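Quick notes on the structure that follows.
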Ligand SMILES: Cc1cc2nc3c(=O)[nH]c(=O)nc-3n(C[C@H](O)[C@H](O)[C@H](O)COP(=O)(O)OP(=O)(O)OC[C@H]3O[C@@H](n4cnc5c(N)ncnc54)[C@H](O)[C@@H]3O)c2cc1C
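Numbering (this note's numbering), first residue to last: 74 to 544.
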C-alpha cells in the first residue's frame with residue numbers, strides 16, 4: 074500500500090502534476106514509465122490505431138502487492154485508472170489520458186500442473202504464449218482466435234475461440250483467480266470462496282477488481298485437424314457453410330470471415346479483391362474423423378485455397394505482424410440464422426463499403442458453451458447461436474463518420490430477435506449496448522456485486538457496470 078506519508082509526499086512534492094515519479098520509483102517493485110522516458114511511447118501504444126492517449130504514468134506492476142499500491146494511489150490522487158493486460162481492448166480502455174495505467178504485462182509467470190491438468194497463469198500472459206507452453210504437454214485451454222490477445226481481458230469478458238463448441242468459453246475452464254479489489258484486498262476466488270465475485274468476473278469484465286492470476290483447467294488437445302479454408306463467397310456457399318457448421322459435431326468450431334480476398338501469395342491473383350469466405354476451422358480430435366467432418370465444407374465449392382490439415386493445436390496461432398495497428402469501426406451482435414437471404418444481404422453490404430477492408434465475421438456457437446446454465450456466469454448468452462462482428466478498417470481519420478455509418482446500417486439490417494451483445498467486442502457504443510451484454514437479472518446481480526466490491530466505481534474505464542448504490 075502507499076502509506077500515509079508516501080501519499081502526502083506525493084501530493085506535496087509533485088503538485089500541480091500530483092505524482093512524483095521519483096517517489097513512485099522507490100515505492101514500487103515494478104517499472105515506472107513516465108512522459109519523457111525512452112519506453113513511454115511504446116508503452117502507451119495499444120493494439121488498435123487511432124488511440125493516442127498520454128497517461129501521467131504507466132506502472133508495470135510486479136505482483137499483487139504492487140497492484141494494491143496502484144489502487145491506493147488512484148484512490149488517493151483521484152486520477153483516472155486504466156488496467157492493461159494484453160492491450161487489445163477494442164476501444165482502448167487500457168490507456169487513459171493524464172491518468173494512471175496499471176499495466177500487468179510484466180506479470181507473465183505460468184505454472185502448468187501436467188498431472189492435474191491445471192495451470193496458474195499471471196494476467197500478463199498472452200493467449201499465444203499460454204497455448205504454446207501448454208501445447209508442449211499436449212494440453213490446451215481455449216482462448217480466442219488471435220495469439221497476441223491478453224488472457225486478462227479475454228477471460229474476464231468470456232472468451233470465445235476455437236474450442237468453444239468442444240469445451241465452452243474460456244471462463245468455463247476458469248477454476249479460480251486472485252483478485253485485488255478496489256480497497257486493496259488480495260482475494261482468492263473460486264466456486265466456494267467469494268463465489269459472488271467468482272461469478273461476476275466470469276463475463277463482467279474488469280469492473281470488480283484487478284485479476285493478477287487465473288487458474289485454468291487444461292484439456293488434452295494434442296493434434297487437431299484444422300486451418301484455413303478459402304471458398305468463393307456466394308449466397309449458397311455462405312448459407313450452406315453455416316448450416317454445416319451448426320450440424321457438425323461439437324469437436325468442430327468454425328469462424329467464417331466474409332471479406333475481399335487480400336493479396337496473399339497463396340491466393341490466385343484473379344481472386345484478389347473479390348469477396349471470399351476465409352474460414353478458420355478447428356476439429357479438436359483425430360485427423361481421420363476431422364477429414365470426414367470437413368468434407369462437406371470442401372464440397373461447397375472448389376476451394377480457392379485449402380490449408381486444413383493435421384497440426385499441433387498451438388499452430389493455430391501463426392506469428393503476427395509486429396506493428397499492426399488497424400483503425401476500425403465495428404459492431405458486434407448475435408443472430409439466429411444466416412440463410413440465403415441473410416447471406417445475400419451480407420454480400421450486398423460488403424460490396425457497398427469503401428473501407429480499406431470490410432468484413433463480416435460469423436462464429437457458430439452452441440455445443441459445450443450452450444450446455445452451461447444461463448445464470449451460471451455473468452456471460453449470459455449461452456443460447457445465442459451465431460456471433461456476428463462487422464468491421465470496416467480504414468486509415469484516414471476523417472473517414473470515420475462514413476465507416477461508422479456503414480457499420481451501423483449493416484448491423485441494423487442484420488438484427489434478428491437476439492438483442493444480446495458480447496462485451497469483449499463492444500465498441501464505444503454506450504449504455505444501451507452494455508445493457509445488451511448483461512440482459513435481465515444478470516445486470517441487477519452485477520450491480521449489487523459491484524456495489525459490494527467497488528462502491529465508488531474506481532474501475533470505470535471499461536464497459537462500465539455502475540454500482541447499485543448509484544454512484
Ligand atoms: C485482434 C483481436 C482478436 C480478438 N479475438 C477474440 C476472440 O477470438 N475471442 C474473444 O473472446 N475475444 C476476442 N477479442 C476481444 C478481446 O477478448 C478483448 O479485446 C479483450 O479485452 C482483450 O484483452 P487484453 O488483455 O488483450 O486487453 P486489454 O486492453 O489489456 O484489457 C481490456 C480491458 O479488460 C480489463 N482487464 C484486462 N485485464 C484485466 C485484469 N487482469 N484485471 C482486471 N481487468 C482487466 C480492463 O478493463 C481493460 O481495459 C479480440 C480482440 C482483438 C483486438
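No residue lacks a Cβ here, since even glycine has one placed at the ideal position from N, Cα and C. It should be emphasised that the depicted structure is a prediction, and the values quoted were computed from it without experimental measurement.
Check                                                                                                                             : Outcome
Proximity of residue 253 and residue 315 at Cβ, strictly below 8 Å                                                                : no
Between the CA atoms of residue 465 and residue 128 - distance to the nearest angstrom                                            : 28 Å
Within 8 Å, strictly: CB atoms of residue 20 and residue 409                                                                      : This structure cannot settle anything about residue 20, because the visible part of the chain is limited to 74 through 544.
Backbone secondary structure at residue 268 - three-state DSSP                                                                    : helix
With 16 other Cβ atoms within 10 Å as the buried cut-off, status of residue 275                                                   : buried
N- and C-terminal bounds of the alpha helix (DSSP H) containing residue 240                                                       : 237–240
C-alpha gap between residue 536 and residue 161, whole angstroms                                                                  : 14 Å
One or two residues paired with residue 261 in a DSSP bridge                                                                      : 251
Three-state class that DSSP yields for residue 330 in the structure shown                                                         : strand
Contact under 8 Å by Cβ, residue 289 with residue 431                                                                             : no
For residue 497, the three-state DSSP class (helix, strand or coil)                                                               : helix
Reference residue 217; option with closest CA among 237, 206 and 198                                                              : 237
Distance cut-off 7 Å: residue 238 Cβ against heavy atoms of ligand 1                                                              : no
Backbone secondary structure at residue 462 - three-state DSSP                                                                    : strand
Chain-order list of residues whose beta-carbon lies under 6 Å from that of residue 413 (same chain, five-residue window excluded) : 308 and 312
Nearest neighbour of residue 381, chosen from 391, 398, 363 and 392 [CA to CA]                                                    : 363
Paired residues, beta bridge with residue 124 - DSSP                                                                              : Per DSSP, none; premise fails for residue 124.
Residue 370: first and last residue of the uninterrupted alpha helix (DSSP H) it sits in                                          : 360–371
Distance between beta carbons of residue 337 and residue 349, contact taken as under 8 Å                                          : With a Cβ gap of about 10 Å, residue 349 and residue 337 do not count as contacting.
Contact set for residue 131: own chain, Cβ-Cβ below 7 Å, skip 5 residues either direction                                         : 106, 116, 117, 174 and 176
Spatial distance of residue 534 from residue 453 (CA atoms)                                                                       : 22 Å
Whole-number beta carbon distance between residue 273 and residue 263, since they are thought to touch under 8 Å                  : No, residue 263 and residue 273 are not in contact; Cβ-Cβ is about 13 Å, not under 8 Å.
Coarse secondary structure for residue 454, derived from DSSP in three states                                                     : coil
Collapsed DSSP secondary structure at residue 423 in the structure displayed                                                      : helix
Length of the line joining the Cα atoms of residue 508 and residue 329                                                            : 27 Å
Segments of 4+ residues assigned as alpha helix (DSSP H) that fall wholly inside the segment 171–217                              : 200–208
Near ligand 1: residue 43 beta-carbon under 7 Å from a heavy atom                                                                 : Residue coverage of the chain in this structure runs from 74 to 544, which leaves residue 43 outside it and unanswerable.
Alpha-carbon to alpha-carbon, residue 387 and residue 539                                                                         : 38 Å
Bridge partners - residue 379, DSSP secondary structure assignment                                                                : 302
Residue 269 CB to nearest heavy atom of ligand 2 below 7 Å                                                                        : For the structure depicted, ligand 2 is absent and the ligand set comprises only ligand 1.
For residue 353, the three-state DSSP class (helix, strand or coil)                                                               : strand
Beta-carbon proximity check, residue 440 vs residue 323, cutoff 8 Å                                                               : yes
Whether residue 148 touches residue 531 by CB criterion (8 Å)                                                                     : yes
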